[in-house]
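Written out below as structure tokens is the structure these notes cover.
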Amino acid sequence: MKKFSGTEALIVILLVVFILEILFSSNIKQIFHTFGLSLKALEEEKWWVIITSIFLHASPEHLVLNIIALFFFGNAVEEKLGTRKMLAIFFLSALGGELAVISASLLGFQPYDIPTIGASGGIFGLMGAAMLVKPFEFIIYPYLVPLPIFIIAIFYTISNISLFLYHIATGTQTDISYAAHLGGVLVGMYIGFKENKDKRALLIFLIFLTLILFPVILSFLMSIEKFNYIAKLTEVIR
Numbered sequence: 005m006k007k008f009s010g011t012e013a014l015i016v017i018l019l020v021v022f023i024l025e026i027l028f029s030s031n032i033k034q035i036f037h038t039f040g041l042s043l044k045a046l047e048e049e050k051w052w053v054i055i056t057s058i059f060l061h062a063s064p065e066h067l068v069l070n071i072i073a074l075f076f077f078g079n080a081v082e083e084k085l086g087t088r089k090m091l092a093i094f095f096l097s098a099l100g101g102e103l104a105v106i107s108a109s110l111l112g113f114q115p116y117d118i119p120t121i122g123a124s125g126g127i128f129g130l131m132g133a134a135m136l137v138k139p140f141e142f143i144i145y146p147y148l149v150p151l152p153i154f155i156i157a158i159f160y161t162i163s164n165i166s167l168f169l170y171h172i173a174t175g176t177q178t179d180i181s182y183a184a185h186l187g188g189v190l191v192g193m194y195i196g197f198k199e200n201k202d203k204r205a206l207l208i209f210l211i212f213l214t215l216i217l218f219p220v221i222l223s224f225l226m227s228i229e230k231f232n233y234i235a236k237l238t239e240v241i242r
């Protein structure tokens with residue numbers, strides 16, 4: 005009998021927790037405030053939120069999009085580095101994302117009492133690691149057109165940096181925790197960089213490729229936007 009992979013186990017846990025959320029949906033706001041991460045929760049010594057917040061999701065859309073991303077990036081990292089290292093990257097990146105969220109709250113970039121939930125920090129960390137340990141593996145995420153992981157990772161990272169800075173500059177709020185995404189991807193990239201044997205050559209190559217090809221990549225992605233099944237799936241779920 006085939007054993008569950010680490011990636012599959014994480015997906016099952018996320019699904020089970022969301023089912024529990026549905027069963028107790030009458031108290032969902034209280035659940036989010038009790039088990040979600042916020043500066044206020046930590047000030048109240050609710051230390052468990054450091055772990056519990058990772059497995060909560062705000063909506064079916066939030067859950068489904070994270071599961072799809074986890075499937076692709078988690079499997080890529082797990083195939084290359086093994087289950088233990090994949091899980092370590094996931095949880096360390098999630099913690100890195102949480103540290104970024106708390107830092108953003110301390111700096112006044114986001115409310116200190118609104119809980120942050122979701123596995124996005126850990127998933128972005130897996131994406132960052134995958135970009136460095138398996139940069140040229142082709143996946144069909146988020147487009148039906150197969151693309152190498154490093155192109156997808158670079159696009160998402162730059163997009164999140166831009167959106168994070170935009171919301172800081174304009175003082176606007178969003179339901180998406182860009183701070184968690186960026187904290188997670190930085191941790192994942194660091195670990196991926198440490199795991200890659202030819203570190204210097206890979207780093208120079210990726211920087212060079214990013215600077216030269218990013219305008220071309222962006223134009224190409226815009227031209228195939230009609231194949232973005234993640235965006236279409238989001239519209240259906242909403």
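The opening residue of the sequence shown carries number 5 in this note's numbering; numbering runs sequentially from there. The beta carbon of each residue, even a glycine, is placed where N, CA and C say it ideally should be.
Worksheet entry | 8 Å contact criterion, which residue 35 and residue 74 should meet: CB distance rounded | Between residue 35 and residue 74, the beta carbon gap of about 22 Å keeps them out of contact (Cβ cut-off 8 Å).
Practice prompt. Please determine, among 76, 195, 184, 190, the residue with the shortest C-alpha to C-alpha distance to residue 150.
Written response: Out of 76, 195, 184, 190, 76 has the C-alpha closest to the C-alpha of residue 150.
Item to complete: Can you have a look at residue 156 and say buried or exposed, based on whether 16 or more other CB atoms are within 10 angstroms of its CB?
Response: Flag for residue 156 reads buried.
Practice prompt. Give a yes or no on whether the C-beta atoms belonging to residue 93 and residue 145 are separated by under 8 Å.
Written response: No, the pair does not count as a contact, with Cβ atoms beyond the cut-off.
Worksheet entry | Anticipated Cβ contact below 8 Å, residue 185 with residue 125, distance rounded | The Cβ separation is near 7 Å, so the contact holds.
Item to complete: Grab the span of the alpha helix (DSSP H) containing residue 236 for me, first residue to last.
Response: Counting along the chain, residue 236 sits inside the alpha helix (DSSP H) bounded by residues 233-241.
Discussion item. Can you tell me whether residue 28 is helix, strand or coil according to DSSP?
Written reply: Taken through DSSP and simplified to helix, strand or coil, residue 28 comes out as coil.
Worksheet item: Leaving out the 5 sequence neighbours to the left and right, which residues in its chain are closer than 6 Å to residue 96 when beta-carbon positions are compared?
Response: Non-local C-beta neighbours of residue 96 in its own chain, meaning closer than 6 Å and more than five positions away in sequence, comprise 191, ordered along the chain.
Fill in: Residue from 62, 11, 52 with nearest C-alpha to residue 29
Proximity to residue 29 across 62, 11, 52 peaks at 62, based on C-alpha coordinates.
Worksheet item: Run through DSSP, which three-state label would residue 143 get?
Response: In the three-state reduction of the DSSP assignment, residue 143 falls in the strand class.
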